[in-house]
Amino acid sequence: VCGCAKASTCGCICEPGWKGPNCTVPDCPGDCNDQGRCINGKCECFNGFAGEDCSMETCLVDCGENGRCINGACVCNEGFSGDDCTETDCLNNCLGRGRCVESECLICPHDCYTGEDCGALACSNDCSGRGFCIDGRCECDAGYSGEDCSSLTCPNDCNQRGRCFNGVCICEMGYFGEDCGKLSCPNNCNSRGRCIDGHCKCNVGFQGHDCSEFSCPNDCNKRGRCFNGQCVCEEGFSGEDCSIKTCLSDCYGRGQCVEGKCICFANFAGEDCSELSCPSNCLNRGRCIVGQCVCDEGFTGEDCGQRKCPNDCLSRGRCVEGQCVCQEGFEGLDCSVATCPGNCNNRGRCFNGKCVCDEGFVGDACEERSCPNDCNGAGQCVDGRCVCDEGYIGEDCSEGKCQLYSILHIL
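Following the numbering used here, the numbering of the sequence shown begins with 606 at its first residue and continues without gaps.
Here's what the structure looks like:
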């Protein structure tokens, strides 16, 4: 946004992300904090810095898995040291098989390692005398298992469906048998059905995963919930098996419920017959409000069946099918224009009901031709020609007969 009409004279105030005299150069966040270069709106950080605005210090070396980079320097995990956290305080760095605590390899959990640098393999409890130690692992004799061969095994390892305890399978819920190989049914189907492949097939009148519930007729037709043998129907349905469709508010007693829909009595309408109806539904030319039509513009009447005339014809005519039939002397869409007699016979203009005649015509309807100089008051104008009074002659009766005789006598 510039401070005045000419950016060259008062400078531009650039929106975020732009700079330069005309705000055409992409800008970088924080101007890269002087720790990098801004190239096309993105910071290219110098060595030792990172981040969108180069505000984060990075380590010049990789701290690896044994440390974290904090404020540009590696902070090593316990048991490690050095600029890049690769040095250890324990012998051979415990060969990567244990944890170094106060310069000693104290814990060597992987594959039963032991020794000063976790370099030796060992077996737990020397395999309890029930197997052989091979590369630090116990190969147990038949009938035994476990890390140190101290546990009795179970047939088929309980088929992964239970726990083996001293050679006996403790089966998970849903399974039974010496090796947990058989599917069981919950609560043995409560003796109200048969167990087939772990699922209860309930006797008639019962339902549920263990046949513990009473069933409902026709399963409530999927229109309700079965509760202890009785249907609790969804809204809109009723009956022992929810097979009957109900109507909203039982049609308020103003209509008949047929297949879930209200057939309203006369003078009532709406989905639940709660509204008063209007005659002919206002012929879709208005809105029905509390039983009365509020007609759209241009329509009137009890059912909006009549077309309305503009300005009600200003009481100068009759409204017929939305059009004004004006009284004599008026015209126009709303009879607002006063007419002139004979439309001035097309010899003049009608102005506020009066004719302004063209030159050469006179009369209320411009029906008469005018005479030159109106016969100078010395004659009558008949159809545009002067009939001069006695003693006058000429086209406009402007000449006296005596004057003419005097002139002729002189001549």
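Backbone N, C-alpha and C define an ideal beta-carbon position, used for all residues, glycine too. As the structure is a prediction and not an experimental result, all values here were calculated from the model.
- [ ] Kindly indicate the opening and closing residues of the beta strand (DSSP E) around residue 768.
- [x] DSSP places residue 768 inside the beta strand (DSSP E), whose first and last residues are 767 to 770.
- [ ] Mind checking who residue 718 pairs with in its DSSP beta bridge?
- [x] 726
Open item on the list: Rounding to the nearest angstrom, what Cα-Cα distance links residue 814 and residue 839 in this structure?
Closed with: 23 angstroms
Open item on the list: Can you tell me which residues form a DSSP beta bridge with residue 640?
Closed with: Per DSSP, residue 640 has no beta bridge partner at all.
Task: Identified DSSP bridge partners for residue 631 - done: BP columns for residue 631 point to 623.
TODO: Could you have a look at residue 734 and say whether DSSP puts it in helix, strand or coil?
DONE: helix
Open item on the list: In this structure, how does DSSP classify residue 848 when only helix, strand and coil are distinguished?
Closed with: coil
- [ ] Measure the CB-CB distance between residue 976 and residue 991 and report whether it falls below 8 angstroms.
- [x] It is a contact, given that the beta carbons lie within the stated cut-off.
TODO: Rank 671, 630, 877 and 911 by C-alpha distance to the C-alpha of residue 694 and give the top, closest one.
DONE: 671
Task: Beta-carbon proximity list for residue 788, same chain, < 6 angstroms, skipping 5 on both sides - done: 802 and 803
Task: Selected residue, minimal CA-CA separation from residue 721, among 741, 968, 697 and 1004 - done: 697
Open item on the list: Please report the distance separating the alpha-carbon of residue 755 from that of residue 725.
Closed with: Approximately 23 angstroms between the Cα atoms of the pair.
Open item on the list: Let me confirm a value: residue 654 is counted as buried when at least 16 other C-beta atoms fall within 10 Å, else exposed. Which label applies?
Closed with: buried
Open item on the list: DSSP has residue 1003 in a bridge; who is on the other side?
Closed with: Beta-bridge pairing links residue 1003 to no other residue.
Open item on the list: Could you check whether residue 958 and residue 945 sit closer than 8 angstroms to each other, using their CB atoms as the reference points?
Closed with: yes
TODO: Taking residue 617 and residue 626 to be in contact with their CB atoms under 8 angstroms, please state how far apart those CB atoms are, rounded to whole angstroms.
DONE: Right, the Cβ-Cβ distance comes to about 7 angstroms (below 8 angstroms), so this counts as a contact.
Open item on the list: From the DSSP secondary-structure annotation, give me the bridge partner or partners of residue 874.
Closed with: 880
- [ ] Can you tell me which of the three DSSP states residue 679 falls into?
- [x] strand
- [ ] Thinking residue 745 and residue 728 are a contact (beta carbons under 8 angstroms), I'd like their distance in whole angstroms, please.
- [x] Actually they are not in contact, since the Cβ atoms of residue 745 and residue 728 sit about 11 angstroms apart, beyond 8 angstroms.
- [ ] State the beta-bridge partners of residue 661 as determined by DSSP.
- [x] Bridge partners of residue 661: 655.
Open item on the list: Please report the straight-line C-alpha distance between residue 773 and residue 733, rounded to a whole angstrom.
Closed with: 20 angstroms
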